[in-house]
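Residue numbers (our numbering): 1235 to 1341. A virtual CB, placed ideally from N, CA and C, is assigned to each residue, including glycine. The model shown is predicted, which means the values in this text are computed figures rather than measured ones.
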Amino acid sequence: HEIATKVFDKFKDKKVVEYIPLRMYNYLLQALVPQQEIERAFAVVRDMISSGIDPDTDTYTSMIRMCCSCGYIEKACEIYQHMISQGLRPTNTIANSLVFTHCKQRQ
């Protein structure tokens, strides 16, 4: 994840953030999930949206997985509801993350 963050930050330093494609944002988010860097992930999404790039299913999948792995099931559900309101369909990964986390928290 450090390499992905460094590459992303170099783009930002060169003031070409508006040219960063959605795919690059999603790669960075995917790299942040195992590290549970939730604050950094939300900052990336804010940067993405402020650059005029709308989140896609991959973006939402990473954010929901991140929230679930950090134990923030309510935030994960909020993100899920927002994704649905945007007309995007959830993936199996999203469903599995939400179900697993709900079950884990009930134990």
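query                                                                                                                                                  : result
Using the rule of at least 16 other Cβ atoms within 10 Å of the residue's Cβ for burial, across every protein chain shown, is I1318 buried or exposed? : exposed
M1194 and P1289: beta carbons closer than 9 Å?                                                                                                         : With the chain covering 1235 to 1341 only, the question about residue 1194 has no answer from this structure.
When burial is assigned at 16 or more other CB atoms within 10 Å of the CB, is V1278 buried or exposed?                                                : buried
To the nearest whole angstrom, what separates the beta carbons of D1281 and N1260, a pair I think is in contact under 8 Å?                             : Not really, about 13 Å apart at Cβ, beyond 8 Å.
Where are the alpha helix (DSSP H) runs, 4 residues long or more, that stay fully inside the stretch 1273–1307, in chain order?                        : 1291–1303
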